[in-house]
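Undergrad:
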Amino acid sequence: MTDMVLTLGQRAKSIVRDPFFWVGSKEMGGTALGIAAWGLVTGVAMVKSGLSVPLALLMGLTVYAGSAQLAVLPLMAVGAPLWVVWFTAICVNLRFVILSSMWRSYFANLSLRHRLAVAYFSGDVIFVNFMRRYPEARPQPEQLPYFWGAALTNWLAWQIPSTLGIFLADQIPLSWGLGFAGVLALLGVLLSMLKDRATWVASIVACTAAVAAFALPLKLNILVAIAAAVAAGLTAEQLQKHASRLPAVKNEEER
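Residue numbering for the sequence shown follows this note's numbering, starting at 229 and increasing by one per position.
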């Protein structure tokens with residue numbers, strides 16, 4: 229047991245000392261304000277919905293998924309059956325099945341314990357930043373330090389404000405609109421990432437699908453939007469690559 233702890237400590241030190249750890253942390257820092265605002269309002273909402281402080285702290289640390297937490301709080305407040313609460317949380321987080329299938333190409337070589345840790349600390353914005361930096365699905369040595377730099381920054385940006393929101397729930401009214409401030413901050417990050425036709429197509433399709441499927445129960449419109457965006461983005465990317473090859477093929481034929 230002692231040897232395992234020492235090994236993990238040495239591995240963690242080597243990751244933190246890697247320059248790409250700090251690159252990931254810095255790039256994730258751009259979204260820290262939005263994540264913090266969202267975390268704070270989630271912490272406040274947990275207590276105001278009737279959860280005790282210890283239970284809210286446990287939920288914040290173990291669930292670590294803002295959209296799922298906010299989705300199940302109204303159900304818990306009205307005493308909904310446990311299976312309904314679990315089913316709702318699973319439906320909201322089904323998007324991570326899609327994301328994890330794409331993570332697999334990068335982290336499949338890690339041990340099961342390490343992959344479970346990656347699964348817990350992963351997040352939507354981390355995924356977007358990672359894929360923007362490493363669009364080719366092939367493992368590279370700097371990817372793991374980069375991921376952990378982004379992941380730990382995101383975790384701290386969420387957990388610290390969320391914990392403060394739990395303890396200061398009586399002093400922070402929901403009318404402050406902190407959740408909307410978080411959404412605005414994240415929208416700013418999203419707009420900065422729209423740099424080519426494929427991402428624009430994916431974003432427009434995601435927005436359209438989310439609105440069109442808004443009436444679905446258990447926030448399934450989120451899953452529909454993500455699936456539609458991935459399909460549209462991949463299709464647009466393939467069409468773009470095909471269009472770029474046509475002039476080269478035409479020149480070869482003319483020769």
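We treat Cβ as the ideally placed atom computed from N, Cα and C, and that holds for glycine. The model shown is predicted, which means the values in this text are computed figures rather than measured ones.
State the start and end residues of the unbroken alpha helix (DSSP H) segment that holds Lys276.
TA: First-last of the alpha helix (DSSP H) with Lys276: Ala260 to Lys276.
Undergrad: Count the C-beta pairs between the region 348-364 and the region 325-338 that are closer than 8 Å, then say yes if the count reaches three, no if not.
TA: Touching, yes.
Undergrad: Give the DSSP-derived three-state secondary structure of Arg343 in the structure shown.
TA: Helix.
Undergrad: Taking Ala441 as the reference, give the member of Ser431, Val452, Ala426 and Arg361 with the closest Cα.
TA: For the residues Ser431, Val452, Ala426 and Arg361, the minimum Cα distance to Ala441 belongs to Val452.
Undergrad: With 16 as the cutoff for other CB atoms within 10 Å, does Gln399 come out buried or exposed?
TA: Counting Cβ neighbours within 10 Å, Gln399 comes out exposed, since fewer than 16 surround it.
Undergrad: In angstroms with no decimal places, state the Cα-to-Cα distance between Ala385 and Leu392.
TA: Whole-angstrom Cα-Cα distance: 11 Å.
Undergrad: Using the Cβ count rule (16 or more neighbours within 10 Å means buried), how would you classify Ser242?
TA: Its Cβ having fewer than 16 others within 10 Å, Ser242 is exposed.
Undergrad: Going straight from the alpha carbon of Val356 to that of Phe335, what length do you get?
TA: C-alpha separation (whole angstroms): 16 Å.
Undergrad: Can you tell me where the alpha helix (DSSP H) holding Lys254 begins and where it ends?
TA: Taken as a continuous stretch (DSSP letters only), the alpha helix (DSSP H) holding Lys254 covers Pro247 to Gly257.
Undergrad: Taking the alpha carbon of Val291 as the reference point, which residue from Gln387, Val272 and Trp311 has its own alpha carbon closest?
TA: Val291 has its Cα closest to that of Gln387, out of Gln387, Val272 and Trp311.
Undergrad: Does DSSP put Gly294 in a helix, in a strand, or in coil?
TA: Gly294 falls in the helix class under three-state DSSP.
Undergrad: Run the CB neighbour count on Ala305, radius 10 Å, all protein chains shown included, and call it buried at 16 or more, exposed below.
TA: By the 10 Å Cβ count, Ala305 comes out exposed.
Undergrad: Does the region 422-434 come into contact with the region 463-470, if we say contact requires no fewer than three beta-carbon pairs (one atom in each stretch) closer than 8 Å?
TA: A contact exists between the region 422-434 and the region 463-470.
Undergrad: What do you get for Leu301, buried or exposed, if any count of 16 or more other CB atoms within 10 angstroms of its CB means buried?
TA: Leu301 comes out buried.
Undergrad: Given a cut-off of 8 Å on the beta-carbon distance, is the pair Leu285 and Ile432 in contact?
TA: Not closer than 8 Å, so no.
Undergrad: Alpha helix (DSSP H) containing Phe358: first to last residue?
TA: Its alpha helix (DSSP H) spans residues Asp352 to Arg361.
Undergrad: For Lys423, I'd like the list of residues in its chain whose CB is within less than 6 Å of its CB, leaving aside the five on either flank, ordered along the chain.
TA: Result list for Lys423: empty, nothing under 6 Å.
Undergrad: What ranges does the alpha helix (DSSP H) occupy inside the region 294-342, keeping only unbroken runs of at least 4 residues that lie completely in it?
TA: Qualifying alpha helix (DSSP H) stretches, in chain order: 294-305, 310-320 and 323-335.
Undergrad: Where does Trp266 land, buried or exposed, given buried means 16+ other C-beta within 10 angstroms?
TA: Buried is the call here.
Undergrad: Looking only at C-alpha atoms, which of Ser277, Met274, Trp383 and Ala460 sits nearest to Leu261?
TA: Comparing Cα positions, the closest option is Trp383.
Undergrad: Are the CB atoms of Val313 and Ile450 nearer to each other than 8 Å?
TA: No, these two residues do not count as a Cβ contact at 8 Å.
Undergrad: Quick check: what's the CA-CA separation for Thr436 versus Leu448?
TA: Thr436 and Leu448: Cα-Cα distance of roughly 14 Å.
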